[in-house]
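J.: Numbering (UniProt numbering), first residue to last: 1 to 623. Glycine included, every Cβ here is placed at the ideal spot set by N, Cα and C. The structure is given below, and queries will be raised subsequently.
This is the structure we're talking about:
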């Protein structure tokens, strides 16, 4: 935003949303400033003061601040405005066409790259997509787009906006204020605010979306029903079309990704949520410290002095404020009660993760506990997104490993958006918390866990062992051993080493778990010493010892390894049991319970004496 005082002679101040340091400068007053813009990067300033030319000023260190001028090439043409398409490329839009220039700041001159003659009523520029839209013909409803990229200008297919009814006179019928251009879900759309529907049976205004591709013709694809009349303004935030209604001082939100009513060519959408007002904004009272103790003043919302810019800018001309519009997702949860539709909506939003996880937690808890079918729907929607990301990541990895990425410079690693809720997210923030609360009936708890596992399997996503562990722990807590046995017998819980270790640790409360565990490890073709290592790393020292005895390998195992693990467990009785076992082994194998120097167990013998006394050491027995 430029604040120009006295044509620039008493100062120009430039402020942006992101800029912490505003730019201030002075320039010679050469008449009223019609249009003023910096190039991308703020290195060159362009100022239009007349209908025939644009002045330029370099803001490059060590470069003299001398103005240079470019007149439009077309005779008798008037400049309607200009747009910077890069740091050194600019387009003049005249009432007779467009002129595309390269600015040469060191030479203080411009070079014409391309021009096109066409009658122009008004123009619009979308910086995100570098597309300029020109309104042509007498009625103004034939739109001609041009695309700009690194020194080239391409003419896209022109298209016609359907006016509400046949105009009675041959004067301009499509005004600039009823058109907007924005990128929605990565595609460029032209949005037309039609104040009266074409169909006679429907009242109220509507927003018509025309999809504008780089190649091919522009097609009408969506209609957003406003169901009311009056003054409207449009913004696009987080891929949502937000329509502000001045009379009711409310805004409505549309999401073109959500299902609508398809009539064979266009999809008709109703607003996602009931109309809501923008959250009030408090303007701090400026002035001396003695005065600023006053409470802030509420800003007038939906003011007639508001000017909107795409995609998300609102300027209050009367109060001198510039805002960017944001959508708050938390309140949506209580406004959209259909959990399936809510998930479809949230999964498309930029900052959705925390809200989605809280919705999942809510639907598992009272008083908002959902039915299993609703819970299953939500899990499936989450895992559909999760699977899409995994497949994209896998494809990328395969291309890179095959060495094909060098031939494809456009290949990019898939971006992990917040919509990718993986198993660790669900385990950490939702499922483990849910099982710990123990407020739900245990059958429901197990059904929820199994529903999540079913959903992962349905999308062919490998289930992580910690989810199975959660199921087993929940079954054990409620003494549902018969169910545990069935789950293992019918391979509902997939084999894994961590799962086998967990089963081994359950042997004391459920003896068959030992054999179930060994069977699982055999199916996994696990080496015995590896099983022992895994158990010891999980501090399952007794389970490791029982396992090694079960396979007859206890005479050759390292005493020190087991004593180390027992000591780390900080359980004196466990240490005593393990120490005594190896003393007995030494007695049986060598006729003496003492450890040999080669076993390196001196520190453990010392520790044993400190805790239990020397008299607790086993005495050699002679037969």
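(1) Secondary structure at residue 290, three-state DSSP: helix, strand or coil?
(2) Near residue 513, what residues of its chain come up, given a Cβ to Cβ distance below 6 Å and the 5 sequence neighbours on each side ignored?
(3) Does DSSP put residue 130 in a helix, a strand or coil?
(4) Nearest-angstrom Cα distance between residue 290 and residue 297?
(5) Could you tell me which residues DSSP puts in a beta bridge with residue 219?
(6) Please classify residue 635: is it buried, with 16 or more other beta-carbons within 10 angstroms of its beta-carbon, or exposed?
(7) Under 8 Å between the Cβ atoms of residue 119 and residue 140?
(8) Smallest Cα separation from residue 229: which of 195, 258 and 218?
(9) With distances taken from CA atoms, which of 79, 609, 152 and 161 is nearest residue 114?
(10) Check each candidate in 390, 552 and 220 and name the one with the smallest Cα separation from residue 265.
(11) Are the beta-carbon atoms of residue 88 and residue 102 separated by less than 8 Å?
(12) What three-state label does DSSP hand residue 334 in the structure shown?
(13) Quick one: what's got a C-beta closer than 6 Å to residue 51's C-beta in the same chain, skipping five residues either side?
(14) Beta carbon of residue 521, beta carbon of residue 561: below 8 Å?
(15) In the DSSP assignment, find the alpha helix (DSSP H) that holds residue 386 and state where it starts and stops.
(16) For the pair the region 412-420 and the region 485-502, tell me if three or more CB-CB distances fall below 8 Å.
(17) Identify which residue in 367, 227 and 145 has its Cα closest to the Cα of residue 156.
(18) Classify residue 298 as helix, strand or coil using the three-state DSSP reduction.
(19) If you draw a straight line from the C-alpha of residue 375 to the C-alpha of residue 100, how long is it?
(20) Starting from the C-beta of residue 349, find all residues in its chain whose C-beta is less than 7 Å away, skip the five residues before and the five after it, and write them out in chain order.
(21) For residue 567, which three-state DSSP category applies?
(22) Are the beta-carbon atoms belonging to residue 451 and residue 379 less than 8 Å from one another?
(23) Provide the residue span of the beta strand (DSSP E) that contains residue 450, from first to last.
(24) Between which two residues does the alpha helix (DSSP H) holding residue 344 run?
(25) So what does residue 184 bridge to, in DSSP terms?
(26) Please specify which runs of the alpha helix (DSSP H), each continuous and at least 4 residues long, are wholly inside the region 149-180, giving them in chain order.
(27) By the three-class DSSP mapping on this structure, what secondary structure does residue 328 have?
(28) Does DSSP classify residue 357 as helix, strand or coil?
(29) What does the alpha-carbon distance come out to for the pair residue 49 and residue 55?
(30) Who are the near neighbours of residue 360 in its chain, counting only those whose CB is closer than 6 Å to its CB and skipping five residues on each side?
(31) How long is the line joining the alpha carbons of residue 20 and residue 42, rounded to whole angstroms?
(32) In the DSSP assignment, the alpha helix (DSSP H) including residue 609 goes from what residue to what residue?
(33) Measuring CB to CB, does residue 258 end up less than 8 Å from residue 344?
(34) Tell me which same chain residues have a C-beta within less than 8 Å of the C-beta of residue 249, skipping the five on either side of it?
(35) Quick one, are the C-beta atoms of residue 336 and residue 272 less than 8 Å apart?
(36) Once you ignore the five residues that flank residue 624 on each side, which residues in its own chain have a CB closer than 6 Å to its CB?
T.: Put simply:
(1) At residue 290, the pLDDT of 49 sits below 50, so the modelled position is not reliable and the matter cannot be decided from this model.
(2) If we look at residue 513 and ignore the five residues flanking it on each side, its Cβ neighbours are 503, 506 and 507.
(3) The answer is coil: DSSP assigns residue 130 none of H, G, I, E or B.
(4) The predicted position of residue 290 is uncertain, since its pLDDT is 49 and thus under 50; a value taken from the coordinates is nonetheless stated next. Rounded to the nearest angstrom, the two C-alpha atoms are 16 Å apart.
(5) As computed with DSSP, residue 219 is found in a beta bridge with 211.
(6) It is not possible to answer for residue 635, since the shown part of the chain is limited to 1 through 623.
(7) A distance of 8 Å or more separates the beta carbons of residue 119 and residue 140.
(8) Out of 195, 258 and 218, the CA that lies nearest to the CA of residue 229 is found in 195.
(9) Looking only at 79, 609, 152 and 161, the smallest Cα-Cα distance to residue 114 is reached by 152.
(10) With distances taken between Cα atoms, residue 265 lies closest to 220.
(11) Their beta carbons are under 8 Å apart, which means residue 88 touches residue 102 by this criterion.
(12) In this structure, residue 334 counts as helix in the three-state DSSP scheme.
(13) Around residue 51: 78 and 79.
(14) Contact: no.
(15) Here the alpha helix (DSSP H) through residue 386 covers 372-401.
(16) Judged by Cβ distances under 8 Å, the region 412-420 makes no contact with the region 485-502, as fewer than three pairs qualify.
(17) Considering only alpha carbons, the answer is 145.
(18) Three-state DSSP puts residue 298 in a strand.
(19) Cα to Cα, residue 375 sits roughly 56 Å from residue 100.
(20) These residues qualify, in order along the chain: 238 and 329.
(21) Residue state, collapsed to three classes: helix.
(22) Their beta carbons are under 8 Å apart, which means residue 451 touches residue 379 by this criterion.
(23) Under the DSSP assignment, residue 450 falls outside any beta strand (DSSP E), being part of the alpha helix (DSSP H) whose first and last residues are 442-458.
(24) It spans 339-346 - the alpha helix (DSSP H) in which residue 344 sits, taken as one unbroken run.
(25) Bridge partners of residue 184: 187.
(26) If we require 4 residues or more, the region 149-180 turns out to have no alpha helix (DSSP H) run fully inside it.
(27) Judged by DSSP in its simplified three-state form, residue 328 adopts coil rather than helix or strand.
(28) Helix, per DSSP.
(29) For residue 49 and residue 55, the gap between their C-alpha atoms comes out near 8 Å.
(30) Answer for residue 360: 430, listed in chain order.
(31) Taking the straight line from one Cα to the other gives about 14 Å.
(32) Per DSSP, residue 609 is one residue of the alpha helix (DSSP H) stretching across 602-612.
(33) Cβ distance < 8 Å, so residue 258 and residue 344 count as in contact.
(34) Excluding the 5 residues flanking it on each side, residue 249 has same chain C-beta neighbours closer than 8 Å at 277, 301 and 302, in chain order.
(35) Against a cut-off of 8 Å, the Cβ pair of residue 272 and residue 336 comes out as a contact.
(36) Only positions 1 to 623 of the chain appear in the structure, and residue 624 is not among them; the question remains open.
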